[in-house]
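Beneath this line is the structure, given in structure tokens, with notes to follow.
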Amino acid sequence: MDGDIAPLPELVDLCGRHNATVMVDEAHATGCLGPGGRGIVAYFGLEKSVLVSMSTLSKTLGSFGAFVAGDALLREYLVNVSRSFIFTTALPPTVTAASLAALNILEQQPNLVHQVQENGKYLRNGLQAMGFDTLASETHIVPVRVGNTVKTLEFARRYESKGSMLLHTSSDSAAAKLQDTSQCNGHSFQGGPGLRPLGLWKGRTLFGIGSMMII
Ligand SMILES: Cc1ncc(COP(=O)(O)O)c(C=O)c1O
453 MDGDIAPLPE
463 LVDLCGRHNA
473 TVMVDEAHAT
483 GCLGPGGRGI
493 VAYFGLEKSV
503 LVSMSTLSKT
513 LGSFGAFVAG
523 DALLREYLVN
533 VSRSFIFTTA
543 LPPTVTAASL
553 AALNILEQQP
563 NLVHQVQENG
573 KYLRNGLQAM
583 GFDTLASETH
593 IVPVRVGNTV
603 KTLEFARRYE
613 SKGSMLLHTS
623 SDSAAAKLQD
633 TSQCNGHSFQ
643 GGPGLRPLGL
653 WKGRTLFGIG
663 SMMII
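First residue of the sequence shown? That's 453 in my numbering, and the numbers climb one at a time after it.
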């Protein structure tokens, strides 16, 4: 959340030495990092070392829901044992179509990934030149450490009164901060039972489970 890049090669190495499985949450990397925006696992070329890769469709892709990507055994396992997958209404086809459209745009315009990083750099450099602390940010996520919660909320209010949209305000006792990100917001909800094939994407069946897709 601070815009730094996790030391995934070291983490994978550590897990390897302790016979642990690696699962990566790509929510903030999908569409923004790695070749074609395929995320941090692809960024480090660690596709063969990471068993579970999950992400959301609700941030860069501007849609709703999430997905888990992994080998056939993992997918089979999740389809059969994930309670929230089995007992939740599948994603509506309209939402899935929006996600697919976003993936298509990303595939056709891979320069967008470069562009979002350039935008992050521009914002970060500008803020730093003005004296702001952007913590360890090195990506499109650029936090600004303000100092305390009251000041942070005041900062956000003034920012919005200038006609700019602040997408995310976060505060904690240690370092209240603001985050201006490339994200679209959206949080999952739970519905009734159902697991439905939604369609095909690149020859793979998409299953909607609650707010998730398994590809
Ligand atoms: C790291 C991370 N993973 C997963 C999620 C969940 O995304 P969704 O809004 O699709 O539930 C979020 C949402 O903010 C997130 O920050």
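Beta carbons are placed, not taken as given, at the ideal position from N, Cα and C, and that holds for glycine. All values reported here derive from a predicted model rather than from experimental measurement.
Annotation for M475: V504 place their beta carbon closer than 6 Å to its own, counting only its chain and skipping 5 residues before and after. Buried is the label assigned to L485, since at least 16 other Cβ atoms lie within 10 Å of its Cβ.
When distances are taken from the beta-carbon of D454 to the heavy atoms of ligand 1, even the shortest one reaches 6 Å or more. Taking a 10 Å sphere around the C-beta of G497, we find fewer than 16 other C-beta atoms and assign the residue as exposed. Placement of the Cβ of T508 at a distance of less than 6 Å from at least one heavy atom of ligand 1 is found. Note that the C-beta distance between F607 and V594 is not below 7 Å.
For K511, the number of other beta carbons within 10 angstroms of its own is at least 16, and it is reported as buried.
Membership of V596 in the beta strand (DSSP E) is indicated by the continuous run V594 to G599. Assignment of beta-bridge partners to V476 by DSSP yields S505. Beyond the five residues adjoining it in sequence on each side, E528 comes within less than 7 Å, by CB distance, of no other residue in the same chain. Closer than 6 Å to some heavy atom of ligand 1: that does not describe the Cβ of A521. Taking C-beta atoms under 8 Å as the contact rule, L460 and I492 qualify, at a distance of about 6 Å. Inclusion of A479 in the 6 Å shell around ligand 1 follows from its C-beta lying nearer than that to a non-hydrogen atom of the ligand. Judged by DSSP in its simplified three-state form, D465 adopts helix. Between S507 and A479, the beta carbon gap of about 5 Å places them in contact (Cβ cut-off 8 Å). With the rule of 3 Cβ pairs closer than 8 Å, the region 540 to 548 counts as touching the region 512 to 520.
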